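Novice: Using numbering that gives the first Met the number 0, you'd call the opening residue of the sequence shown number 0 and step up by one each time.
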Amino acid sequence: MQIFRSHHELQNHLLSEKEKGYSIGFVPTMGALHQGHISLLDLCNSKCDVSVVSIFVNPLQFNNKEDLAKYPVQHEQDLSLLRQNSCDVVYLPERNDILGNEIENIHLNLGDLDQVLEGKFRPGHFDGVVQIVHRLFKIIQPNIAVFGEKDLQQVAVIKQLQKSFYPDVLVLVAPTKREPNGLAMSSRNMQLSDSGKMKAAAVFDSFLMAKTMFNSLPASKIIDTVTKKIKEHGLEVEYVSIINPETFKDLNKTDKKNMKAYICCAVICEGVRLIDNYCLTDD
Ligand code: AMP
Numbered sequence: 000m001q002i003f004r005s006h007h008e009l010q011n012h013l014l015s016e017k018e019k020g021y022s023i024g025f026v027p028t029m030g031a032l033h034q035g036h037i038s039l040l041d042l043c044n045s046k047c048d049v050s051v052v053s054i055f056v057n058p059l060q061f062n063n064k065e066d067l068a069k070y071p072v073q074h075e076q077d078l079s080l081l082r083q084n085s086c087d088v089v090y091l092p093e094r095n096d097i098l099g100n101e102i103e104n105i106h107l108n109l110g111d112l113d114q115v116l117e118g119k120f121r122p123g124h125f126d127g128v129v130q131i132v133h134r135l136f137k138i139i140q141p142n143i144a145v146f147g148e149k150d151l152q153q154v155a156v157i158k159q160l161q162k163s164f165y166p167d168v169l170v171l172v173a174p175t176k177r178e179p180n181g182l183a184m185s186s187r188n189m190q191l192s193d194s195g196k197m198k199a200a201a202v203f204d205s206f207l208m209a210k211t212m213f214n215s216l217p218a219s220k221i222i223d224t225v226t227k228k229i230k231e232h233g234l235e236v237e238y239v240s241i242i243n244p245e246t247f248k249d250l251n252k253t254d255k256k257n258m259k260a261y262i263c264c265a266v267i268c269e270g271v272r273l274i275d276n277y278c279l280t281d282d
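1) State yes or no: is the C-beta of Leu207 within less than 8 angstroms of the C-beta of Lys196?
2) Taking 7 angstroms as the cut-off, is the beta-carbon of Gly181 closer than that to any non-hydrogen atom of ligand 1?
3) Leaving out the 5 sequence neighbours to the left and right, which residues in its chain are closer than 6 angstroms to Tyr115 when beta-carbon positions are compared?
4) Looking at the strands, I want to know which residues DSSP matches up with Gly24.
5) What is the C-beta distance between Cys47 and Ile143, in whole angstroms, given that I count them as a contact (C-beta under 8 angstroms)?
6) Would you say Lys290 touches ligand 1, meaning its beta carbon is less than 7 angstroms from a heavy atom?
7) Between Val369 and Phe25, which are expected to be in contact by the criterion C-beta below 8 angstroms, what is the C-beta distance as a whole number of angstroms?
8) Is Lys198 buried or exposed, if buried means 16 or more other CB atoms sit within 10 Å of its CB?
9) Val271 by DSSP, collapsed to three states: which one?
10) Just checking my contact of Pro71 with Ala31 at CB under 8 angstroms: how many whole Å lie between their CB atoms?
11) Indicate whether Gln190 and His124 have their beta-carbon atoms separated by less than 8 angstroms.
12) Threshold first: 4 residues or longer. Then list the alpha helix (DSSP H) segments lying entirely within the segment 48-114, N to C.
In structure tokens:
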């Protein structure tokens, strides 16, 4: 596994790999890696000759400074996990290597996508994501890039970025990896106590309950029941929504019969903000 801190050196290396005819797969991360990230790397390795994982806690996507300050960093453990899982190349830049103004910002109109759910509760978050993924795509020029369904709305944002600026990159989406109790794996879970991790599993329990109610009850009723159940476990609820994943707008009655539907939420557990989502319709 080769580790690059400079994007120029990374670019030179990848250029020579491409000249050999190798395809490049890319998994962007913020580090503090877990098996969710590794499932993305596995998918990447199965589709490409050379896998590249980036580790960079992107300050542009944090609307809350305290949240950024306490984001876990554990490079040695991350590198060892990547080595054990057949990663070929790691890009671990210093802030200026990627945020220096060599690569210009782009403007991507996200429309309503930026006004709902994460867009509404984290102003500027998706623009921060767009700017960093744009820089990473520009540097790495991957054939394939892999993202997690855990961040469902981010996937929709990335697909817009891909369509508008990177039509040659194939975006793949990997399903959410969960702990045995249903809690979605997340770097942020490291900030939870054992009892916090148990409480946070109420989110997935309530999603399963929502799925059983989906065909017989209106969305508003399901949202109320899920919100109540999550709060009973001592979590704060920022939002619970049932959305049409094409538009990210609240599901309305006419959608319900034929459309896919996802339940999405953001909760606060022991001061840690967690997001999760689940498909309520059968594939
Ligand atoms: P992050 O390091 O949190 O920015 O995540 C990097 C990538 O890993 C994103 O595409 C996430 O959606 C994905 N990811 C995070 N958690 C999980 C999970 N539990 N299962 C699958 N993918 C995940």
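Idealized CB from N, CA, C, for every residue including glycine. These figures come from a predicted structure and were not determined experimentally.
Specialist: Taking the definition as stated:
1) Within the sequence shown, numbered from 1, the residue matching residue 207 stands at position 208. Within the sequence shown, numbered from 1, the residue matching residue 196 stands at position 197. No, the pair does not count as a contact, with Cβ atoms beyond the cut-off.
2) Walking along the sequence shown from the start, residue 181 turns up at place 182. Because no heavy atom of ligand 1 lies under 7 angstroms away, the Cβ of Gly181 does not count as near it: no.
3) To locate residue 115, count along the sequence shown from 1; it is residue 116. Checking the sequence, you will find Val at residue 115 rather than Tyr. Correct list, in chain order: Phe247.
4) Along the sequence shown, one-based indexing puts residue 24 at 25. Paired residues: Ser50 and Ile143.
5) Indexing the sequence shown from 1 puts residue 47 at position 48. Indexing the sequence shown from 1 puts residue 143 at position 144. Right, the Cβ-Cβ distance comes to about 6 angstroms (below 8 angstroms), so this counts as a contact.
6) Lying outside 0 to 282, the shown extent of the chain, residue 290 is not represented and no answer is given.
7) Absent from the structure is residue 369, since the part of the chain shown begins at 0 and ends at 282.
8) Counting from 1 along the sequence shown, the entry for residue 198 is found at position 199. The residue in question, Lys198, is buried, as its Cβ has 16 or more Cβ neighbours within 10 Å.
9) As a working mapping, residue 271 is identified with position 272 in the sequence shown. Strand, per DSSP.
10) Start at 1 with the first residue of the sequence shown, and residue 71 comes out as number 72. Start at 1 with the first residue of the sequence shown, and residue 31 comes out as number 32. Right, the Cβ-Cβ distance comes to about 4 angstroms (below 8 angstroms), so this counts as a contact.
11) One-based indexing of the sequence shown puts residue 190 at position 191. One-based indexing of the sequence shown puts residue 124 at position 125. Not in contact: Gln190 and His124 (Cβ atoms no closer than 8 angstroms).
12) 64-68, 74-83 and 94-98
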